[in-house]
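A.B. asks: If you're matching positions, the sequence shown starts at 16 in the working numbering and goes up one per residue.
Glycine included, each C-beta is placed from N, C-alpha and C at the ideal position.
The structure displayed is predicted, hence computed values, not measured ones.
Let me give you the structure first, and then I'll get to my questions.
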Amino acid sequence: MKPAEWAARHRSGPLDVVVTGLPSDAHTWNLIYIQLLLEDLGHTVVNLGSCVPEDEIVESCCKFQPDLLVVSSVNGHGFNDARPLIGALRSRWELAGLPAVIGGKLGVSGGRQDEADELMRAGFDAVFQDGADITAFESYVGSLPREVER
Numbered sequence: 016m017k018p019a020e021w022a023a024r025h026r027s028g029p030l031d032v033v034v035t036g037l038p039s040d041a042h043t044w045n046l047i048y049i050q051l052l053l054e055d056l057g058h059t060v061v062n063l064g065s066c067v068p069e070d071e072i073v074e075s076c077c078k079f080q081p082d083l084l085v086v087s088s089v090n091g092h093g094f095n096d097a098r099p100l101i102g103a104l105r106s107r108w109e110l111a112g113l114p115a116v117i118g119g120k121l122g123v124s125g126g127r128q129d130e131a132d133e134l135m136r137a138g139f140d141a142v143f144q145d146g147a148d149i150t151a152f153e154s155y156v157g158s159l160p161r162e163v164e165r
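Below you can see the structure in the form of structure tokens.
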């Protein structure tokens with residue numbers, strides 16, 4: 016897409032959200048739960064599913080132009096898989112400002128704050144550790160602007 020096509024994009028109303036698992040995570044129940052939660056909040060969701068390759072996530076975000084990317088992990092490898100993904104997203108000019116969050120079981124040693132901090136430094140806008148109250152995620156989503164301009 017040309018930059019002028021992106022600049023002309025205006026939206027008012029519900030958010031368009033892409034929900035995805037990571038390449039090494041075959042779990043789906045978490046993705047369905049997040050999809051249903053977001054839809055209950057009035058948003059439109061594209062669920063890419065589980066075991067999604069990094070390049071497919073990036074290209075899907077370019078294609079769908081979401082207002083938010085939600086990455087979920089259950090298997091404990093989220094921390095390792097997420098760092099290259101966020102790097103790939105942030106390297107694309109058209110995705111540089113895309114709000115991206117990750118949540119779930121991000122490491123096999125439990126929810127370590129240093130891992131969450133590193134993911135934030137790498138480019139995620141929010142990290143929701145396993146066991147976090149779902150209202151924190153709902154509050155984050157609710158804080159995003161309904162009018163998006165890129």
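Please list, in chain order, all residues of the same chain as Gln80 whose beta carbon is under 6 angstroms from its beta carbon, the five residues on each side excluded.
C.D. replies: Here the question's residue 80 lines up with position 65 in the sequence shown. No residues qualify anywhere along the chain.
A.B. asks: Does DSSP put Val33 in a helix, in a strand, or in coil?
C.D. replies: Indexing the sequence shown from 1 puts residue 33 at position 18. Val33 falls in the strand class under three-state DSSP.
A.B. asks: Any idea what DSSP makes of Asn45, helix, strand or coil?
C.D. replies: Position 30 of the sequence shown, counted from the start, is the residue given in the question as residue 45. When secondary structure is reduced to three states using DSSP, Asn45 falls in the helix class.
A.B. asks: Do you know whose CA, among Thr43, Leu56, Leu104, Glu109, lies nearest Val156's CA?
C.D. replies: In the sequence shown, the residue the question calls residue 156 occupies position 141. Residue Leu56 is the option with its Cα nearest to Val156.
A.B. asks: Where do the N-terminal and C-terminal ends of the beta strand (DSSP E) with Ser88 fall, by residue?
C.D. replies: Stepping through the sequence shown from its first residue, residue 88 is reached at position 73. For Ser88, the enclosing beta strand (DSSP E) starts and ends at 83–88.
A.B. asks: Run through DSSP, which three-state label would Gln144 get?
C.D. replies: Taking the sequence shown and counting its residues from 1, one reaches residue 144 at position 129. Note: Gln144 maps to strand in three-state DSSP.
A.B. asks: Check whether the Cβ atoms of Cys76 and Leu110 sit closer than 8 angstroms, and answer yes or no.
C.D. replies: Your numbering for residue 76 matches position 61 in the sequence shown. Your numbering for residue 110 matches position 95 in the sequence shown. It is a contact, given that the beta carbons lie within the stated cut-off.
A.B. asks: Going by C-alpha distance, which of Thr59, Ile47, Asp70, Asp145 is nearest Phe94?
C.D. replies: As a first step, residue 94 must be located in the sequence shown, where it is residue number 79. Looking at the Cα atoms, Asp145 is the closest of the given residues.
A.B. asks: Could you say which of Gly119, Leu84, Arg136, Thr59 lies nearest to Glu69 if we only look at CA atoms?
C.D. replies: Residue mapping note: residue 69 aligns to position 54 of the sequence shown, counting from 1. Looking at the Cα atoms, Leu84 is the closest of the given residues.
A.B. asks: At what residues does the beta strand (DSSP E) containing Val61 begin and finish?
C.D. replies: Here residue 61 refers to the residue found at position 46 when the sequence shown is read from its first residue. 59–62 is the extent of the beta strand (DSSP E) around Val61.
A.B. asks: Mind checking whether Ile72 and Thr35 have CB atoms under 8 angstroms apart?
C.D. replies: In the sequence shown, residue 72 corresponds to position 57, counting from 1. In the sequence shown, residue 35 corresponds to position 20, counting from 1. Going by C-beta atoms, Ile72 is nearer than 8 angstroms to Thr35.
A.B. asks: Which whole-angstrom value is the C-beta distance of Phe139 and Ala115, which I expect to be below 8 angstroms?
C.D. replies: As a first step, residue 139 is located in the sequence shown; it is residue number 124 there, counting from the start. As a first step, residue 115 is located in the sequence shown; it is residue number 100 there, counting from the start. So it is a contact: roughly 6 angstroms between Cβ atoms.
A.B. asks: Output the distance between the C-alpha atoms of Ala97 and Leu134, rounded to the nearest integer angstrom.
C.D. replies: Here residue 97 refers to the residue found at position 82 when the sequence shown is read from its first residue. Here residue 134 refers to the residue found at position 119 when the sequence shown is read from its first residue. C-alpha separation (whole angstroms): 8 angstroms.
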